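Below you'll find the structure, written out as structure tokens, and then a few comments.
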Amino acid sequence: MSDEEALDLLMNRSFQSEGEARLKIIRAKQSSVQLSTYFVGRMALYRLRQEIQRELGESFDLGRYHEAVMDHGSLPVKYLPELVRARLKEAR
Numbered sequence: 024m025s026d027e028e029a030l031d032l033l034m035n036r037s038f039q040s041e042g043e044a045r046l047k048i049i050r051a052k053q054s055s056v057q058l059s060t061y062f063v064g065r066m067a068l069y070r071l072r073q074e075i076q077r078e079l080g081e082s083f084d085l086g087r088y089h090e091a092v093m094d095h096g097s098l099p100v101k102y103l104p105e106l107v108r109a110r111l112k113e114a115r
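The opening residue of the sequence shown carries number 24 in the working numbering; numbering runs sequentially from there.
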């Protein structure tokens with residue numbers, strides 16, 4: 024995809040201003056791997072939720088799950104499974 028195609032996509036389909044779109048293109052060129060970490064983290068959180076939902080069955084509570092995740096603040100997702108499971112056991 025050319026810069027102009029990316030600019031068109033960001034402005035017309037993602038509702039970015041031209042300046043914002045140009046900065047995102049520059050950012051993607053300078054650190055393209057970093058941008059994919061959002062997706063990787065989202066998928067890790069999705070898998071964790073599915074696992075815990077399967078483990079808890081009918082007793083799964085989405086609000087309690089979210090609290091257990093958020094209680095630990097900002098940390099690498101790889102540490103969450105153990106911490107979230109421990110927090111949910113405390114809450115029972």
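From the three backbone atoms N, C-alpha and C, an ideal C-beta is built for every residue, glycine too.
The structure displayed is predicted, hence computed values, not measured ones.
- For V100, there is no enclosing alpha helix (DSSP H), as DSSP marks it with neither H nor E.
- Contact check for L68 against V100 passes: the beta carbons are separated by less than 8 Å.
- Burial state of A51 is exposed, judged by a 10 Å Cβ sphere holding fewer than 16 other Cβ atoms.
- The residue from E41, I49, K112, R65 with its alpha-carbon nearest to that of L79 is K112.
- Ranked by how close their Cα comes to the Cα of R108, the residues V92, L46, G86 have V92 in first place.
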